[in-house]
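A.B. asks:
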Ligand SMILES: *Cc1c(COP(=O)(O)O)cnc(C)c1O
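In our numbering, the protein residues as written are 191 to 556.
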């Protein structure tokens with residue numbers, strides 16, 4: 191057994207132990223754990239400070255999870271966009287392949303709280319059938335392997351899935367979504383990287399939410415991936431009292447870049463059940479993007495998106511910078527809040543149809 195597998199076996203699953211550590215009522219902790227699974231790797235547990243710690247909030251079961259009035263079991267309506275079990279196909283050219291329900295850590299705000307920790311859901315047979323479906327649908331040119339965390343599978347199993355996908359001629363891009371660099375960095379071994387490199391291009395998307403998660407071990411895991419040729423991106427979930435602060439986000443995004451990880455998405459927290467205490471107003475995300483854009487490198491600025499409830503897909507949100515359009519110019523706002531104008535030259539005006547011009551003028555006046 192590999193070291194990371196031993197570590198995974200030792201992960202805390204007993205709510206009693208956590209209750210003792212964090213002063214939660216034992217009975218309450220048990221009740222939460224019966225509803226939503228609990229698991230924290232020792233490595234991550236050691237990073238958590240006292241109660242109220244942003245890392246603890248993400249991982250330690252909280253009684254408030256049982257008091258969520260408007261959470262949804264399947265906020266992104268994935269079940270209804272699943273042509274075969276284990277596959278979510280929402281966008282024209284890319285699909286999500288779910289290969290396990292197991293994670294190294296169970297995040298309290300997980301968007302698939304309905305599924306994680308369940309046994310015998312994505313069996314090898316189910317995964318094979320889903321891959322067969324991809325093979326029969328040439329429109330799918332990009333496959334995102336997710337779960338659960340695909341890297342909780344052993345090297346042979348994950349490599350097997352990836353090699354099956356690589357045999358499909360129309361699959362150009364394979365992505366693996368994994369939180370292991372953040373919660374179980376020992377998982378990213380040289381052996382794993384070497385086993386996967388024959389199937390490039392493989393992109394990795396990982397999941398860091400707080401600068402304190404950027405430890406030397408996490409850095410080593412990310413750099414190992416990059417050194418083996420996997421471009422690594424990061425998806426952050428905007429979480430109340432964890433990272434809903436422009437300064438913390440700035441530190442996180444700049445820290446990721448230093449580890450050669452590119453910030454990709456910043457997600458508005460999904461309407462997941464038991465997650466109402468994590469949700470922030472959408473304006474908070476916009477405020478954070480506004481604090482980043484122009485003030486730090488554009489490479490450090492993720493796309494802020496709301497994954498539409500009901501399965502409408504990711505909707506990007508950008509702070510307003512086009513203030514007005516007049517006959518003569520576009521009125522814009524720069525990162526310092528200063529107004530600047532960009533002229534509409536005669537040539538540009540001539541190339542627009544009269545109808546378009548009329549429409550734009552009407553928009554300006556209303
Ligand atoms: C997020 C997501 C994708 C990938 O979207 P990109 O914008 O290409 O990263 C694909 N399918 C589903 C169902 C998703 O939720």
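Even glycine gets a Cβ: it sits at the ideal position worked out from N, Cα and C.
1) In the DSSP assignment, find the unbroken alpha helix (DSSP H) run with residue 452 in it and report its ends.
2) Indicate whether residue 372 and residue 420 have their beta-carbon atoms separated by less than 9 Å.
3) So if DSSP puts residue 336 in a beta bridge, which residue, or which two residues, is it bridged to?
4) How would you write the range of the alpha helix (DSSP H) that residue 482 sits in, first residue to last?
5) Can the beta-carbon of residue 200 be found less than 9 Å from the beta-carbon of residue 293?
6) Hey, could you find the ends of the beta strand (DSSP E) residue 533 is sitting in?
7) I believe residue 450 touches residue 416 by the beta-carbon criterion, under 8 Å. Please report the beta-carbon distance rounded to the nearest angstrom.
8) Which same chain residues, not among the five before or five after residue 325, have their C-beta less than 6 Å away from its C-beta?
9) Kindly examine ligand 1 and report whether one of its heavy atoms sits closer than 8 Å to the Cβ of residue 278.
10) Please report the distance separating the alpha-carbon of residue 453 from that of residue 400.
11) First and last residue of the alpha helix (DSSP H) that includes residue 425?
12) How far does the alpha helix (DSSP H) with residue 417 in it reach, from first residue to last?
13) Helix, strand or coil for residue 494 per DSSP?
14) Below 7 Å CB to CB, which residues in the same chain sit around residue 398 once its five sequence neighbours on both sides are set aside?
15) May I have the straight-line CA-CA distance separating residue 435 from residue 478, to the nearest angstrom?
16) Bridge partners of residue 506, per DSSP?
17) Keeping to the same chain, check which residues put their C-beta closer than 7 Å to that of residue 345; ignore five residues upstream and five downstream.
18) Candidates 348, 432, 473: which alpha carbon is nearest residue 239's?
19) If you follow the alpha helix (DSSP H) that residue 212 is part of, which residue opens it and which one closes it?
20) Using CA coordinates, which residue listed in 493, 465, 328, 484 is at the minimum distance from residue 283?
21) How would you write the range of the beta strand (DSSP E) that residue 348 sits in, first residue to last?
22) Mark residue 458 as exposed unless 16 or more other C-beta atoms lie within 10 angstroms of its C-beta, in which case mark it buried.
23) Which residue's Cα is closest to the Cα of residue 241: 267, 211, 255, 233?
24) Report the three-state DSSP secondary structure of residue 514 (helix, strand or coil).
25) Following the continuous alpha helix (DSSP H) through residue 221, name the residue where it begins and the one where it ends.
26) Report the rounded CA-to-CA distance for residue 250 versus residue 287, giving the unit in angstroms.
27) Would you check whether ligand 1 has a heavy atom nearer than 8 Å to the C-beta of residue 268?
28) Roughly how many angstroms separate the alpha carbons of residue 257 and residue 462, rounded to a whole number?
29) Just verifying my parser: in three-state terms, what is the DSSP assignment at residue 330?
30) DSSP on residue 298, reduced to helix/strand/coil?
31) Taking its Cβ as the centre, do 16 or more other Cβ atoms sit within 10 Å of residue 514, making it buried, or is it exposed?
32) If you draw a straight line from the C-alpha of residue 355 to the C-alpha of residue 534, how long is it?
33) Rounded to a whole number of angstroms, what is the C-alpha to C-alpha distance between residue 166 and residue 510?
34) Which first and last residues belong to the beta strand (DSSP E) in which residue 522 is found?
35) May I ask you to report which of helix, strand or coil DSSP gives residue 266?
36) Please report how far the alpha carbon of residue 321 lies from the alpha carbon of residue 217, in whole angstroms.
C.D. replies: The short version:
1) The residue given as residue 452 occupies position 262 in the chain shown. Per DSSP, residue 452 belongs to no alpha helix (DSSP H); it is in the beta strand (DSSP E), 452–457.
2) For the purposes of this step, residue 372 is taken as residue 182 along the chain shown, with counting starting at 1. For the purposes of this step, residue 420 is taken as residue 230 along the chain shown, with counting starting at 1. No, the Cβ-Cβ distance between residue 372 and residue 420 is not below 9 Å.
3) Position 146 of the chain shown, counting from 1, holds the residue named residue 336. In the DSSP output, where bridge partners are listed per residue, residue 336 has 288.
4) Taking the first residue of the chain shown as position 1, residue 482 is located at position 292. Note, residue 482: alpha helix (DSSP H), 472–482.
5) As a working note, residue 200 is residue 10 in the chain shown. As a working note, residue 293 is residue 103 in the chain shown. Not a contact, by the Cβ cut-off of 9 Å.
6) As a first step, residue 533 must be located in the chain shown, where it is residue number 343. It spans 529–533 - the beta strand (DSSP E) in which residue 533 sits, taken as one unbroken run.
7) Your numbering for residue 450 matches position 260 in the chain shown. Your numbering for residue 416 matches position 226 in the chain shown. About 5 Å; that satisfies the 8 Å criterion.
8) Within the chain shown, the letter at position 135 stands for residue 325. Only 358 meet the Cβ criterion.
9) Here residue 278 corresponds to residue number 88 of the chain shown, with the count starting at 1. Yes; taking the cut-off as 8 Å, the Cβ of residue 278 has a heavy atom of ligand 1 nearer than that.
10) Taking the chain shown and counting its residues from 1, one reaches residue 453 at position 263. Taking the chain shown and counting its residues from 1, one reaches residue 400 at position 210. Taking the straight line from one Cα to the other gives about 13 Å.
11) Position 235 of the chain shown, counting from 1, holds the residue named residue 425. Not the alpha helix (DSSP H): residue 425 falls in the beta strand (DSSP E), residues 422–427.
12) As a working mapping, residue 417 is identified with position 227 in the chain shown. Element bounds for residue 417: 406–417.
13) The residue labelled residue 494 in the question sits at position 304 within the chain shown. In the structure shown, residue 494 sits in a strand (DSSP, three-state: E or B).
14) Here residue 398 corresponds to residue number 208 of the chain shown, with the count starting at 1. Closer than 7 Å at the Cβ level, and outside the excluded window around residue 398, lie 372, 404, 424, 426, 442, 446.
15) Sequence index remark: in the chain shown, residue 435 carries index 245 (1-based). Sequence index remark: in the chain shown, residue 478 carries index 288 (1-based). C-alpha separation (whole angstroms): 7 Å.
16) Sequence index remark: in the chain shown, residue 506 carries index 316 (1-based). Looking at the DSSP assignment, residue 506 forms a beta bridge with 495.
17) Residue numbering aside, residue 345 sits at position 155 when the chain shown is read from its first letter. Around residue 345: 381, 382, 385.
18) Along the chain shown, read from residue 1 onward, the residue named residue 239 stands at position 49. Selected option, being the one with the closest Cα: 432.
19) On the chain shown, position 22 is the one that residue 212 refers to. Counting along the chain, the alpha helix (DSSP H) containing residue 212 begins and ends at 205–212.
20) What you label residue 283 is simply residue 93 of the chain shown in a count that begins at 1. Residue 283 has its Cα closest to that of 328, out of 493, 465, 328, 484.
21) The count along the chain shown starts at 1 and reaches residue 348 at position 158. It is not in any beta strand (DSSP E) - residue 348 instead sits in the alpha helix (DSSP H) that spans 345–356.
22) Looking up residue 458 in the chain shown gives position 268. Answer is buried; the Cβ neighbour count reaches 16.
23) For the purposes of this step, residue 241 is taken as the residue at position 51 of the chain shown. Of the listed residues, the one whose Cα sits closest to residue 241 is 211.
24) By 1-based counting over the chain shown, the position of residue 514 is 324. Strand at residue 514.
25) Residue numbering aside, residue 221 sits at position 31 when the chain shown is read from its first letter. Taken as a continuous stretch (DSSP letters only), the alpha helix (DSSP H) holding residue 221 covers 216–225.
26) If you number the chain shown from 1, residue 250 lands on position 60. If you number the chain shown from 1, residue 287 lands on position 97. Spanning the two alpha carbons is a distance of roughly 28 Å.
27) Taking the chain shown and counting its residues from 1, one reaches residue 268 at position 78. At least one heavy atom of ligand 1 is nearer than 8 Å to the Cβ of residue 268, so yes.
28) Taking the chain shown and counting its residues from 1, one reaches residue 257 at position 67. Taking the chain shown and counting its residues from 1, one reaches residue 462 at position 272. Going from the Cα of residue 257 to the Cα of residue 462 covers about 12 Å.
29) Start at 1 with the first residue of the chain shown, and residue 330 comes out as number 140. Coil at residue 330, not helix or strand.
30) The residue you call residue 298 lines up with position 108 of the chain shown. Three-state DSSP puts residue 298 in coil, outside helix and strand.
31) For the purposes of this step, residue 514 is taken as residue 324 along the chain shown, with counting starting at 1. Classification for residue 514: exposed.
32) As a working note, residue 355 is residue 165 in the chain shown. As a working note, residue 534 is residue 344 in the chain shown. Each residue's alpha carbon lies about 49 Å from the other.
33) The question about residue 166 has no answer here: the residues shown for the chain are numbered 191 through 556.
34) Numbered from its first residue, the chain shown carries residue 522 at position 332. Start and end: 519–523.
35) Taking the first residue of the chain shown as 1, we reach residue 266 at position 76. Three-state DSSP puts residue 266 in coil, outside helix and strand.
36) Stepping through the chain shown from its first residue, residue 321 is reached at position 131. Stepping through the chain shown from its first residue, residue 217 is reached at position 27. In a straight line, the C-alpha of residue 321 is about 43 Å away from that of residue 217.
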